[in-house]
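See structure below.
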Amino acid sequence: MTKKQDILRTLNFAEANVEDKNTQRLFRDYAERRFLVGYIRPKNRKWFNKTHLYNVRPEEANRKGGVNEKNPLSYAIDYVILYKNSKENRYKIYKVEKSEVLSVEAMQQLDYPNPRSEYLVFTLGEEVKFEDIDLKALLDSECKAKYEPIYLTGYNLFSCYRKKASKKIGLVDADLLCNGTRHPNLALLKIAGYLFDNNISFELITDSNADISQYAHIYMSRVFTFTEEPAFYLNASVSEQKKFHLGGTGFYANEKSISKFRKLREEDMNRLTHDKFLNKYTCKHTGKPGINMAIQMPYYHLYDEFIEKQVKLGFKRDKYKDYEHYSIGFLTRKCFRHCPFCVNKLEDGVVPYSKLEWFHDKKRPHVYFWDDNFLAAPYELWKPTLQYLIDNKISFQFRQGLDERLIAEDEHGEEMAAMLGQSRYHGDFIYAFDNWKDREVIERALKIWKRHNPKKGTKFYLFCGFMQTQDNFDKFYRDIWELFQRIKILMQYGCVGYVMRHEDYKNSPLANIYVQIARWCNQQAFYKKMSFWEYTYRNQTFWEEQAGFDVPYKLKTFIEFEHDLQTGYYERTDQRGKVRKICRPLKTVLNLLEMYPQHRVELLEMFDYKMMNLVNPTLWLNHD
356 MTKKQDILRT
366 LNFAEANVED
376 KNTQRLFRDY
386 AERRFLVGYI
396 RPKNRKWFNK
406 THLYNVRPEE
416 ANRKGGVNEK
426 NPLSYAIDYV
436 ILYKNSKENR
446 YKIYKVEKSE
456 VLSVEAMQQL
466 DYPNPRSEYL
476 VFTLGEEVKF
486 EDIDLKALLD
496 SECKAKYEPI
506 YLTGYNLFSC
516 YRKKASKKIG
526 LVDADLLCNG
536 TRHPNLALLK
546 IAGYLFDNNI
556 SFELITDSNA
566 DISQYAHIYM
576 SRVFTFTEEP
586 AFYLNASVSE
596 QKKFHLGGTG
606 FYANEKSISK
616 FRKLREEDMN
626 RLTHDKFLNK
636 YTCKHTGKPG
646 INMAIQMPYY
656 HLYDEFIEKQ
666 VKLGFKRDKY
676 KDYEHYSIGF
686 LTRKCFRHCP
696 FCVNKLEDGV
706 VPYSKLEWFH
716 DKKRPHVYFW
726 DDNFLAAPYE
736 LWKPTLQYLI
746 DNKISFQFRQ
756 GLDERLIAED
766 EHGEEMAAML
776 GQSRYHGDFI
786 YAFDNWKDRE
796 VIERALKIWK
806 RHNPKKGTKF
816 YLFCGFMQTQ
826 DNFDKFYRDI
836 WELFQRIKIL
846 MQYGCVGYVM
856 RHEDYKNSPL
866 ANIYVQIARW
876 CNQQAFYKKM
886 SFWEYTYRNQ
896 TFWEEQAGFD
906 VPYKLKTFIE
916 FEHDLQTGYY
926 ERTDQRGKVR
936 KICRPLKTVL
946 NLLEMYPQHR
956 VELLEMFDYK
966 MMNLVNPTLW
976 LNHD
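As structure tokens, this is what we get:
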């Protein structure tokens, strides 16, 4: 047996024989451990060999990678990587026993040569073995000043290690590259997890113009049909296109032909299972070749580098909380409602999919469930699952919403409402009120829900804009009318709405009315305190104030505004010679009224719907 073969390599730190000096650790198993990469000056090497101490000046905190002694993370170092020459890939890694700040006097007592200030000092233990890294490449990419200390996680070092491979796997979140997204792509997280388990080099591609020649395979996922494909894909040669593996609902969700949609959906759901490259490797959870998407643990660090770059550009880290704070997965799949706009429109029932432990990272404070219709699962599934979440005080949310109708329709509806109310639900409870025809069952469910959970924040998705065309004015008005009537019902029950526009809304006679209603409704501060008209007029006065106009009245009724309009208020010049313009939200409202003069009274009534005027607790308190 060769020396290389004799070295023990561990894929699971918990099972590693770490007392054996030959154990070679993998950075991938230390993804969240903190490492300090530091330089030993020639004059300090003798002292280091004698004391086994490594010191860094706290006052260098303002330098990139420097130490801020007031930051607890400065002390939370698990391992120190020390090098003597930045031009050579020679270094040693030591385990940190403790860290402390020592004064000049304390450093003198330790015989440190010529101490000039206090130091953050790490007491180093035994040398430990890790897999090789390209130290020179690491320093070139991370060091902005010569010999500065660098703080990295095991994940960062694993990434550095992976970059040594001549060819790696590229992962593309097309929605992220195009329009941005609030959520990570779950399929990519699981592919990354599978590659990670098999120690295969990979990275998230975050540049639409990236050089794709460095990748052996590229897995690109697209959730939304409106997402544009990145430039490196559109410009790829015929031979380069062969390395792409495409998937996601964004590639087929708008297909009108039912037979073709069925075919494309089936292919998409099974594409990764039959992927020739992935089938060359083994799923560590099953021991069988190929990826198992239900069982595969997501690799939640996939977006880390992207997030850090965005934060450095000035974006708030909280913007990316869905990437960093949530475990994500499906407990069940499919639905039985057959909604024509949904990717599950051909499915007939709800089936179990994943167990919570297969995707739950307990270090993350919350869980997002992306189930299509969890409450439609068998009683034997949803009840013990909810009970487990309650008993273990797990913070969770069904991100795609729950089916409120089942609270009224199912024989266990009362139990559903009660158990959900007992849980540590994260944020608002989310349901859907997508169809006006469901209003009676929705109201019955609301009476049950509000009786059990009168103070719980409750939000309803409001689907609209589906199958709109430029020439169908009656259908367009009906859609707007139904949207406002659904909002009215929700207001009466003290619930908020969230407008979800199908991209067909762009084809309607007045597309911007959907935009303005969404901007009003989807911001709870507006929705709870203002009517749609008040929101619209406040947009106008806000614009006037920003443009330097005197605004004596912040709010006027539509009749008062109309009088101003008819008497030339918006045509007069002020002392600067400037004329007040009518902002787009207000102009859109006027356009809608002009399109439907026969519905003027009705429209103005709907524009005045206001939650504080409509909420009516007797609707559920007096329910038998």
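So the sequence shown is numbered by the working numbering: it starts at 356 and just counts up by one. Each residue gets a CB set at the ideal place from its N, CA and C atoms; glycine is no exception. Bear in mind the structure is a predicted one, so any value in this text is a computation, not a measurement.
Within the same chain, GLY852, VAL854, TYR882 come within 6 Å of CYS876 by CB-CB distance, once the 5 residues on both sides are set aside. Under DSSP, ARG577 shares a beta bridge with no residue. According to the DSSP assignment, ASP659 belongs to no beta strand (DSSP E) but to the alpha helix (DSSP H) extending over 659–667. If you check the CB distance, LEU541 and ILE683 come in under 8 Å. In terms of Cβ geometry, SER592 and ALA529 do not form a close pair [threshold 8 Å]. Secondary structure of MET885 (DSSP, three-state): coil.
For ASP528, the secondary structure class from DSSP, reduced to helix, strand or coil, is strand. With a cutoff of 8 Å on beta-carbon distance, ARG799 and ALA772 are scored as not near each other. Three or more pairs of CB atoms, one per stretch, sit closer than 8 Å, so the stretch 753–770 contacts the stretch 721–738. LEU910 sits in coil when the DSSP states are folded into three classes, being neither helix nor strand. C-alpha of LEU532 to C-alpha of ILE650: approximately 28 Å in a straight line. Only residues of its own chain outside the window of five on either side were considered, and among them ASP552 have a CB closer than 7 Å to the CB of LYS639, listed in chain order. In the displayed model, PRO739 falls within a helix according to three-state DSSP. Counting only residues of its own chain and dropping the five nearest sequence neighbours on each side, GLU900 has a CB closer than 7 Å to the CB of VAL906.
The C-alpha of TYR708 lies about 51 Å from the C-alpha of VAL411. Restricting attention to alpha helix (DSSP H) runs no shorter than 4 residues, the stretch 574–650 encloses them at 586–589, 593–596, 613–625, ordered along the chain. The stretch 374–393 makes contact with the stretch 502–513: 3 or more CB pairs, one atom from each, lie closer than 8 Å.
PRO864 and GLU584 have their alpha carbons spaced roughly 28 Å apart.
Bridge partners of VAL934 according to DSSP: THR928. Rounded to whole angstroms, LYS792 and ARG760 show a C-alpha spacing of 12 Å. With 16 or more other CB atoms across the displayed protein chains lying within 10 angstroms of its CB, ASP789 is buried. Taking a contact as a CB-CB distance under 8 Å, the pair LYS689 and VAL706 counts as one, their CB atoms being some 6 Å apart. Here MET961 is not near MET846, since their CB atoms are 8 Å or more apart. The residue among TYR607, GLN895, HIS767 with its C-alpha nearest the C-alpha of LYS738 is HIS767.
The Cβ-Cβ distance between LEU559 and LEU668 does not fall below 8 Å. Judged by their CB atoms, PHE714 and PRO653 are nearer to each other than the 8 Å cut-off. Using a 10 angstroms sphere on the CB of LEU701, the tally of other CB atoms stays under 16, which defines it as exposed.
Rounded to whole angstroms, the gap between the alpha carbons of ASP834 and TYR786 is 20 Å. With fewer than 16 other Cβ atoms from the protein chains shown falling within 10 Å of its own Cβ, HIS918 counts as exposed. Looking at TRP725, LEU945, GLY782, the one whose alpha-carbon comes closest to that of GLN921 is LEU945. Annotation: the continuous beta strand (DSSP E) that includes LYS453 extends over 446–457. Separation of ALA565 and PHE587 (C-alpha to C-alpha, rounded to the nearest whole angstrom) is 6 Å.
In this structure, DSSP gives GLU473 a state outside helix and strand, which the three-state scheme calls coil.
In this structure, the CA atom of PHE632 is about 32 Å from the CA atom of LYS491. When beta bridges are read from the DSSP output, THR406 appears opposite no residue.
The three-state secondary structure of GLU766, taken from DSSP, is coil.
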